[in-house]
């Protein structure tokens, strides 16, 4: 059951990243961020993904079963 929750969280975050990316591509070039700049929303989503990934890390010695 926990796996399904994590799957849904990852899927939702992936959809948010895709939406942000699509929105950035539709902006006029003058309003697009410099390639070295990462929009704050993307940083926020990546931070959330990192937290979800920590939840996926195995907690027991049989961690290869999760891979």
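Residue numbers (our numbering): 2 to 68.
Note that beta-carbon positions come from the ideal geometry of N, C-alpha and C, so glycine has one too.
Three-state class that DSSP yields for residue i in the structure shown
{"i": "residue 4", "result": "helix"}
{"i": "residue 56", "result": "helix"}
{"i": "residue 51", "result": "helix"}
{"i": "residue 1", "result": "Absent from the model: residue 1. The displayed extent of the chain is 2 to 68, so no value can be given."}
Within-9 angstroms CB hit, residue i to chain C
{"i": "residue 51", "result": "Looking at the structure shown, chain C is missing, and only one protein chain is on hand."}
Burial state of residue i (16 or more Cβ within 10 Å)
{"i": "residue 65", "result": "Confidence at residue 65 is low in this model, with a pLDDT of 49, below 50, so its placement is unreliable and the value that follows should be read with caution. Exposed is the call here."}
{"i": "residue 68", "result": "Any reading at residue 68 must be qualified, since the residue scores a pLDDT of 46, below 50, and its modelled position is unreliable; the value itself is stated next. That one is exposed."}
Nonlocal neighbours in the same chain, by C-beta distance under 7 angstroms from residue i, ignoring five residues either side
{"i": "residue 49", "result": "14"}
{"i": "residue 56", "result": "7"}
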